[in-house]
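Okay, structure first, notes after.
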Amino acid sequence: TEKSQTLNFQAEVKQLLHLMIHSLYSNREIFLRELISNASDACDKLRFEALDKPELFEGQGELAIRVGFDKSARTITVSDNGIGMSRDEVIAHLGTIAKSGTREFFSQLTGDQRKDANLIGQFGVGFYSAFIVADKVTVTTRRAGLNESEGVRWECAMSGDAAGEYMVETVERPLRGTEIVLHLREDQDDLLSGWQLRGLIRKYSDHIVQPILMKKEEWDQDKGEQVTTEEDETVNQASALWAKSKNDISEDDYKAFYKHVGHDFDEPLAWTHSRVEGRHEYTQLLYVPKHAPFDLWDRNARHGIKLYVKRVFIMDDAEKLMPTYLRFVRGVVDSADLPLNVSREILQESKDIETIRAGCTKKVLGLLADLAENDQEKYAIFWKAFGSVLKEGVGEDFANKEKIAGLLRFASTRADTADETVSLADYIARMKEGQEKIYYVTAESFNAAKNSPHLEIFRKKGIEVLLLSDRVDEWVIGHLTEFDGKSLQSVAKGGLDLGGLEDEEEKKEAEKAADEFKDLVERMKSSLGDRVKDVRVTHRLTDSPACLVADEQDMGMNLARMLKAAGQ
Ligand code: ADP
Ligand code: MG
């Protein structure tokens, strides 16, 4: 049979293991939640793959997770009959971190334990959390559909507080799925108790859809202690949280469920849960996280909506259920109408899905509008984490453009700080008498925007100007020409016409000046030649002697600079 092999962990894994043990120690309970979460994911994956290949069930379609313990061996065991892993998968998933953003994660570590623990949490490093309580972990697994002789055993023992290598070997394994045995560290014996483990399961994993089984215990009169029987009992509720009535779900239930579907250690920022009835029937439970995942800017990153049909899991990352600009949303959609054997290809075409997506989009935008209105502190957290992503929606989602525009927040000359807190509605409410347009300036950085000479006249007149310096802003503004009937106007474009804001006096003076400096202007024009379109006398400037402006029809200068930088 196949030899056993000793392999080195990827450097990042080593680093991570070290951190886990040192930073998450006070949070040791999460190991069980993470292992159960993985077991549940493995059951979901099997169900999904079995849509095309029912033989993967091997005649055993009842999926379950089992938790057990052995006092004398000092072990805790978590097992499932889900998809399992092949030898290659074991090496790929348990020896390396395949996630994008790994580098970034490590570069952000500070050495401050509390902060780092938070980062580890965000990164979601479920499996390795086993080493918080165990100094040796043994995984035995077989992938659904492979021969019994193609089972795999993986083992890693820590010496001291660090591990550099692990062992894999091919073994016989009749059972499909994965079994994880934790050999507890010396001071963890209190976990070897049915009462303790049941408590942790109910606390962290009650919402898991598959039953989590433990052996029933009973009081042994002779021994004077609880002993386990041969009978199974289900410890969790094993029901679909989203299918329950809202009144029967506590805040904590919602939060615990989020940690599982969102693969996040942190609590969600906000959520929306509703059942839609009518022509299409579906339930949606959608969460907005508190912080951006490390792969937010990776367009291939997995998308966070799980699709169910009548409470049966269909697929993860159903990207069709959410527009790209809401890719940070996590949660569940459960449809009553789709066929159970729906595939990704069918989803691409499905009109039902389009309706569901429109409904989900509306819900999320509504949730955000509600936050913006009623909980500005939370909205500020949201905007910081996801504002730049949401902005993409202005150009991508025509139907909701006005709603999205209402959710945008900008820095402005009013506070003159980089904090993005000004909405277009706030701006309009503060407009000067006679002001008809929303003025903005775009630049490469906040400071460049703030110090733009184009602002001089506006500062002098006390007119607020939005300061845009995010990379996407120029693009966003290109798609947003007006809001609430007011057009948006770059202060750096065209012959600035301040309309009703101009006073007669100034106009006359400007005309006079233009006349006076005619010769100078002519001389400048001829000496600059092709390099400029025009030279004008302006009353825009109060301190600077001159500035460059783009013509009304030309692209903004910042965009021009970006295109040039991109080699166009
Ligand atoms: P995540 O769950 O966020 O992907 P984890 O560290 O928890 O990260 O798990 C890493 C990977 O190991 C999983 O994505 C999965 O491929 C594999 N894995 C872990 N536990 C199991 C299991 N019980 N059955 C099958 N695969 C598993
Ligand atoms: Mg996991």
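UniProt numbering puts the first residue of the sequence shown at 6, with every later residue one more than the last. Positions of the beta carbon are idealized from the N, C-alpha and C atoms, including for glycine.
Whole-angstrom distance between residue 32 and residue 21, CA atom to CA atom:
As a position in the sequence shown, residue 21 is number 16, starting the count at 1. As a position in the sequence shown, residue 32 is number 27, starting the count at 1. In a straight line, the C-alpha of residue 21 is about 16 Å away from that of residue 32.
Measure the C-alpha to C-alpha separation of residue 401 and residue 480 and round it to an integer number of angstroms.
On the sequence shown, residue 401 is found 396 positions in, with the first residue counted as 1. On the sequence shown, residue 480 is found 475 positions in, with the first residue counted as 1. C-alpha separation (whole angstroms): 11 Å.
Drop a sphere of 10 angstroms on the beta-carbon of residue 227, count the other beta-carbons inside from all chains shown, and report buried for 16 or more, exposed for fewer.
Mapped onto the sequence shown, residue 227 falls at position 222. Residue 227 should be labelled exposed.
Measuring alpha carbon to alpha carbon, tell me which residue in 283, 281, 286, 310 is nearest residue 293.
Taking the sequence shown and counting its residues from 1, one reaches residue 293 at position 288. Per the Cα distances, 310.
Between which residues of its own chain and residue 540 is the CB-CB distance below 8 Å, once the five residues before and five after are set aside?
Residue 540 sits at position 535 when you count from the first residue of the sequence shown. Only 526, 529, 530, 533 meet the Cβ criterion.
Which term fits residue 208, buried or exposed, when burial requires 16 or more other beta carbons within 10 angstroms of its beta carbon?
Against the sequence shown, residue 208 aligns to sequence position 203. Its Cβ having fewer than 16 others within 10 Å, residue 208 is exposed.
Confirm, please, whether the CB-CB distance from residue 257 to residue 295 is below 7 Å.
Within the sequence shown, numbered from 1, the residue matching residue 295 stands at position 290. Within the sequence shown, numbered from 1, the residue matching residue 257 stands at position 252. Their beta carbons are not under 7 Å apart, which means residue 295 does not touch residue 257 by this criterion.
From what residue to what residue does the beta strand (DSSP E) around residue 432 run?
Position 427 of the sequence shown, counted from the first residue, corresponds to residue 432. That residue, residue 432, is in no beta strand (DSSP E); its alpha helix (DSSP H) goes 429-434.
So which of 202, 91, 96 has the shortest CA-CA distance to residue 76?
Residue numbering aside, residue 76 sits at position 71 when the sequence shown is read from its first letter. Comparing Cα-Cα distances from residue 76 to each of 202, 91, 96, the minimum goes to 202.
Taking 6 Å as the cut-off, is the beta-carbon of residue 98 closer than that to any non-hydrogen atom of the ligand ADP?
Against the sequence shown, residue 98 aligns to sequence position 93. It does: the Cβ of residue 98 is within 6 Å (strictly closer) of some heavy atom of the ligand ADP.
Looking at C-beta atoms only, is the number of pairs between the stretch 325-333 and the stretch 380-400 that lie closer than 8 Å three or more?
yes
If contacts are defined as beta-carbon pairs under 8 Å, then residue 145 and residue 178 qualify, I think. What distance do you get, rounded to the angstrom?
For the purposes of this step, residue 145 is identified with residue 140 of the sequence shown, where counting begins at 1. For the purposes of this step, residue 178 is identified with residue 173 of the sequence shown, where counting begins at 1. The pair is a contact, with the Cβ atoms about 6 Å apart (cut-off 8 Å).
What residue does the alpha helix (DSSP H) around residue 384 start on, and which one ends it?
For the purposes of this step, residue 384 is taken as the residue at position 379 of the sequence shown. It spans 381-401 - the alpha helix (DSSP H) in which residue 384 sits, taken as one unbroken run.
Hey, how far is the Cα of residue 278 from the Cα of residue 381?
Within the sequence shown, numbered from 1, the residue matching residue 278 stands at position 273. Within the sequence shown, numbered from 1, the residue matching residue 381 stands at position 376. When rounded, the distance between both Cα atoms is 21 Å.
What are the start and end residues of the alpha helix (DSSP H) that includes residue 16?
For the purposes of this step, residue 16 is identified with residue 11 of the sequence shown, where counting begins at 1. First-last of the alpha helix (DSSP H) with residue 16: 16-28.
In terms of DSSP beta bridges, what is residue 313 paired with?
Counted from its first residue, the sequence shown places residue 313 at position 308. Answer is 318, 339.
Check: residue 379 C-beta below 6 Å from any heavy atom of the ligand MG
Indexing the sequence shown from 1 puts residue 379 at position 374. For the ligand MG, not one heavy atom lies less than 6 Å from the Cβ of residue 379.
Thinking C-beta only, is residue 49 closer than 7 Å to residue 318?
The sequence position of residue 318 within the sequence shown is 313, counting from 1. The sequence position of residue 49 within the sequence shown is 44, counting from 1. Yes. Within cutoff.
Quick one: using the 10 Å Cβ neighbour count with 16 as the cut-off for buried, is residue 210 buried or exposed?
Taking the sequence shown and counting its residues from 1, one reaches residue 210 at position 205. By the 10 Å Cβ count, residue 210 comes out buried.
Taking 8 Å as the threshold, find out whether the stretch 352-371 comes into contact with the stretch 276-290 through three or more Cβ pairs.
yes
Quick check: what's the CA-CA separation for residue 265 versus residue 276?
For the purposes of this step, residue 265 is taken as residue 260 along the sequence shown, with counting starting at 1. For the purposes of this step, residue 276 is taken as residue 271 along the sequence shown, with counting starting at 1. Going from the Cα of residue 265 to the Cα of residue 276 covers about 14 Å.
Give me whichever residues DSSP pairs with residue 110 in a beta bridge.
For the purposes of this step, residue 110 is identified with residue 105 of the sequence shown, where counting begins at 1. The partner list for residue 110 (beta bridge, DSSP) is empty, contrary to what the question assumes.
With distances taken between CB atoms, is the gap from residue 138 to residue 193 smaller than 7 Å?
Translated into positions along the sequence shown, residue 138 becomes position 133. Translated into positions along the sequence shown, residue 193 becomes position 188. Cβ atoms of residue 138 and residue 193: closer than 7 Å.
Classification of residue 9 by the beta-carbon crowding that lies within 10 angstroms, buried from 16 upward:
Start at 1 with the first residue of the sequence shown, and residue 9 comes out as number 4. That one is exposed.
For the beta strand (DSSP E) that contains residue 71, what are its first and last residues?
Against the sequence shown, residue 71 aligns to sequence position 66. From DSSP, the beta strand (DSSP E) with residue 71 extends over 70-75.
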